[in-house]
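Using the UniProt record's numbering, the first residue of the sequence shown is number 1, and each one after it goes up by one.
Glycine included, C-beta positions come from ideal geometry on N, C-alpha and C.
Reading through the structure tokens given below for one structure.
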Amino acid sequence: MKFSINKVLVIGLGLIGGSLAKALKQRRYCQHVIGYDRNPAELEAGLALGVIDEAAPDLRAAVAAADLVVLAVPVKATDRVLADIVPVLRAHTLLTDVGSTKGNVVAAAEAAFGTLPATFVPGHPIAGSEKSGVAAADAQLFERHKVILTPTPASSAEATLVIARMWQAVGAQVLQMEVGRHDQVLAATSHLPHLLAFSLVDTLAAEAANTDIFRYAAGGFRDFTRIAASDPTMWHDICLTNGDAILAQLDRFSAGVEKLRHAISSADSQAMLGIFTRAKASRDHFSRILSSSAYAQHPHSGPVDYRAQPGAALSGPVRLPGDKSISHRAIMLGSLAEGITSIEGFLESEDSLATLQAFRDMGVVIEGPHQGAVKIYGVGLHGLQPPPGALYLGRSGMSMRLLCGVLAGQAFDTELTGDVSLSRWSMEQVVLPLRQMGARIDTADGGLPPLRIRGAQSLHGIEHLLPVPSAQVKSALLLAGLYATGSTAVTEPAASRDHTERMLQGLGCTLDHATGRVAVQAGGRLRASRIDVPGDMSLAAFFIVGAAITPGSELLLQRVGINPTRTGLIEILRLMGADIRFEQERCAGGEPVADVRVCYRPLSAIEVPAVLLARASDELPLLMVAAACAQGATWIRGVGELRHDMDRLLKMLVTGLGALGIEALVGADSVCIRGGAIGGGALNAGGDYRVAMAFAALSQRASGEIHISECACLEAAFPEFVTLACRAGFRIGKEGG
Ligand code: NAP
1 MKFSINKVLV IGLGLIGGSL AKALKQRRYC QHVIGYDRNP AELEAGLALG
51 VIDEAAPDLR AAVAAADLVV LAVPVKATDR VLADIVPVLR AHTLLTDVGS
101 TKGNVVAAAE AAFGTLPATF VPGHPIAGSE KSGVAAADAQ LFERHKVILT
151 PTPASSAEAT LVIARMWQAV GAQVLQMEVG RHDQVLAATS HLPHLLAFSL
201 VDTLAAEAAN TDIFRYAAGG FRDFTRIAAS DPTMWHDICL TNGDAILAQL
251 DRFSAGVEKL RHAISSADSQ AMLGIFTRAK ASRDHFSRIL SSSAYAQHPH
301 SGPVDYRAQP GAALSGPVRL PGDKSISHRA IMLGSLAEGI TSIEGFLESE
351 DSLATLQAFR DMGVVIEGPH QGAVKIYGVG LHGLQPPPGA LYLGRSGMSM
401 RLLCGVLAGQ AFDTELTGDV SLSRWSMEQV VLPLRQMGAR IDTADGGLPP
451 LRIRGAQSLH GIEHLLPVPS AQVKSALLLA GLYATGSTAV TEPAASRDHT
501 ERMLQGLGCT LDHATGRVAV QAGGRLRASR IDVPGDMSLA AFFIVGAAIT
551 PGSELLLQRV GINPTRTGLI EILRLMGADI RFEQERCAGG EPVADVRVCY
601 RPLSAIEVPA VLLARASDEL PLLMVAAACA QGATWIRGVG ELRHDMDRLL
651 KMLVTGLGAL GIEALVGADS VCIRGGAIGG GALNAGGDYR VAMAFAALSQ
701 RASGEIHISE CACLEAAFPE FVTLACRAGF RIGKEGG
């Protein structure tokens, strides 16, 4: 059915009806905007204020002539108005409404129509003010606000589209919801807060002496109670029409207040801090959702490109943010330990904050992060609580893989979700061996998220042989092993990062080590400790390669983690002739740490030993940059043994290097790169932070600008990347975000 909208009739010319009429008229949505209200004074005012083109003296005649009818009367009046107008509605006339509750509107329509027509599409603008009446009509009221349409099963797609277009025409964002869901969601997000504001003001005002309290009330009171100035009749109607959903929310709220009351009366600091820190984190997260970003303090919301110009010699001391892998593990193991774990140097990136939020959602009290400091009130291995909903992990694959191991051993069900990019990564590598341990995990096709993990499964230890080294799979299995009967052992063909093992041992867990094999026994306990997170080696590698290829550079990287499973690149660069020294070597939180000094010295091509490459897999892109700047042809062998995602990564790198004039060839198990002159050009990092970093490092030796697209991943992993790089001498400009 095609709809042609010339005449719109708005019934109920108050705040919402008047605002919609005015906006439709101003934007010339249709030829004629007609108003009807039972109050003739409102109609006259609407005409005088230019809100409508015409005031209808007779409702039924106006309905019979309209192409689109908008009901904007109080929700309690809907049934009466519908009973009046339905007999004269033409078959092609569209009908919608703006009521704050939807179940009762649909019920009223069913009663009036008998069978709901395809032309009826209920709606609710999430916009308003404390004012009422047509004098308050505001043509901008709906701009950048949401409108929820709740089409019935009978509503036609064409009718829904026309109503959606009408709201878009006045600047609103339109979304759709099922009627019952709308009433539940609104009961929690709108109705409950309004009722609390009314009740608080009413309670405080009940005593005459409290007029004084109002006189001295500060901003918090004013902000919290602003909405108690809304129209009482409207809220009375809403309570009557959405009573069940509101009562359910009031009960939840009362239980929450009771918990807080108990925490205060028993002076339970941990419970109080738990409520306040969780609430603050949720409120902060909500603010970021409102600004279309996720967890990070300095969030980016859109695509990010870099423009990298040839930079200066790199110099100065650089203090790097905390190690990404260790930051994730510190939150997980600190939460599962007994007692208070203090973390210093925590990396405040979107990814690690996703892990932190997941544990908060499971009831762990976590203070901070504040300038890298985090305090975790650990709940012990069996103290996590069921989260209120799915655990959302943004784009963090590390969070999802490691959490699988922890959650497989819990007594409750969980669901893990992520953003679009994470939803493209298969989790099968972790899920399959966990299933062998007895875990019940459902995935989408191909092992893709979302993952549904069933609780209360009895896990048993396994002896697992990893086909390729993977610290994340190994860690997930060891974490699940904490909850399994017997021993859980993982053997790898080459050593992957061992941060989980070191931290587990630091927190009092005994592991059995043999060459290439590590095993954990069930039944242990973790004891809280202090965790000092060293500077991130993956980020340090960018600066190390930058200084190693830029003549005149002398750079000191402070407090870098030099865990032997992470220093493969440094050893390879030394073989190529780089001048890299460790100073002030020490141990922090079970991890070896040093200040790393790098001075420029020309690099020579080598044949990279496969054993070293296995310890530099994440740094392969930067190694290829070093090879492109070395004298001669560097052979990197053993790439076939690296992780499965390396094919795509190698392709991106070879294409990028080729575009800048560097010859690079990929064989079945090797890459050969011939050093040479590097030009400028446009490259794509393909959403991989390691590739983005490598292309940015290349700019130091390029003859022109390198434009790198798809770098948002690097911003998410290391929010301070561009600032730190430019401070050291790089010339990288950021676009977008
Ligand atoms: P309003 O300013 O009081 O306007 C309602 C108008 O409808 C009044 O002029 C009222 O006249 C008139 N009316 C009442 N019964 C009628 C009837 N049987 N026939 C014709 N006109 C009638 O209220 P509003 O704030 O615009 O709310 C209207 C609708 O929008 C409600 O369903 C509400 O749930 C929804 N809504 C409100 C907000 C908000 O923040 N205000 C936000 C979203 C949705 P009288 O003055 O004579 O009663």
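Which residues DSSP lists as bridging residue i, in chain order
i    : result
D97  : L71
H124 : I148
Y377 : I340, V365
R674 : A633, E663
T233 : Answer by DSSP bridge pairing: none, since T233 is not bridged.
V593 : G561, R586
Y36  : I11
CA nearest to the CA of residue i, picked from the options
i    : options                : result
L59  : Y36, A135, A255        : Y36
G627 : L569, G372, V179, E591 : Checking the sequence shown, residue 627 turns out to be Ala, not Gly. Closest option to A627, Cα to Cα, is L569.
V691 : A578, F542, G729       : F542
G632 : E571, D618, P467, I662 : I662
K394 : G418, T78, A108        : Reading off the sequence, residue 394 comes out as Gly, not Lys. Comparing Cα-Cα distances from G394 to each of G418, T78, A108, the minimum goes to G418.
A480 : D202, G524, I343, R165 : G524
A263 : V170, S254, G640, I275 : I275
S617 : H707, G729, V468       : V468
G50  : A109, A139, K102       : A139
E571 : G552, E554, E607       : E607
R581 : P609, L612, A588, A547 : A547
G552 : L407, Q700, A522       : Q700
F359 : A337, Q371, H370, E344 : A337
L573 : E585, L539, L620       : L620
G17  : L260, P74, T241        : P74
P450 : Q270, E463, L422       : L422
A494 : S266, L466, L391, P40  : L466
A522 : A21, R144, L459        : L459
M117 : P153, D84, N104, R144  : With the sequence shown as reference, residue 117 is identified as Pro, and Met is not the correct amino acid for it. Closest by alpha carbon: P153.
Nearest-angstrom beta carbon gap, residue j and residue i [assumed within contact, 8 angstroms]
i    : j    : result
R615 : T567 : 7 angstroms
L660 : G681 : 5 angstroms
P321 : L347 : 5 angstroms
G590 : G506 : 4 angstroms
E705 : R307 : 6 angstroms
V560 : A594 : 6 angstroms
K102 : H182 : 5 angstroms
G14  : A72  : 7 angstroms
G736 : P303 : 5 angstroms
I34  : I5   : I34 to I5, Cβ: 12 angstroms. No contact.
Any non-hydrogen atom of the ligand NAP closer than 8 angstroms to residue i Cβ
i           : result
residue 758 : Here the chain comprises residues numbered 1 to 737, so residue 758 is not present and cannot be evaluated.
D97         : yes
G486        : no
R181        : no
Y392        : no
A172        : no
L13         : yes
D37         : yes
S103        : First, the residue type needs correcting, since residue 103 is Gly and not Ser in the sequence shown. No, the Cβ of G103 stays beyond 8 angstroms of every heavy atom of the ligand NAP.
D231        : yes
V121        : no
D715        : Contrary to the premise, residue 715 reads as Glu rather than Asp in this sequence. No, since every heavy atom of the ligand NAP falls outside the 8 angstroms radius drawn around the Cβ of E715.
P57         : no
V185        : no
P74         : yes
G18         : yes
I126        : yes
G380        : no
L166        : Looking at the sequence itself, residue 166 is Met, so the reference to Leu does not match. No, since every heavy atom of the ligand NAP falls outside the 8 angstroms radius drawn around the Cβ of M166.
S132        : yes
M362        : no
R27         : no
E143        : no
R60         : no
Curious, which full-length beta strand (DSSP E) runs of at least 3 residues does the stretch 460-509 contain? 463-465, 487-491
Whole alpha helix (DSSP H) elements within the stretch 156-215, 4-residue minimum: 157-169, 179-186, 192-205
I'd like the ranges of any beta strand (DSSP E) spanning at least 3 consecutive residues and lying wholly in the stretch 610-652. 633-637
Let me know the alpha helix (DSSP H) ranges lying completely inside the stretch 214-280, each 4 residues or longer, listed in chain order. 219-225, 232-241, 243-265
Every unbroken alpha helix (DSSP H) inside the stretch 712-736 [4 residues or more]: 712-717, 721-728
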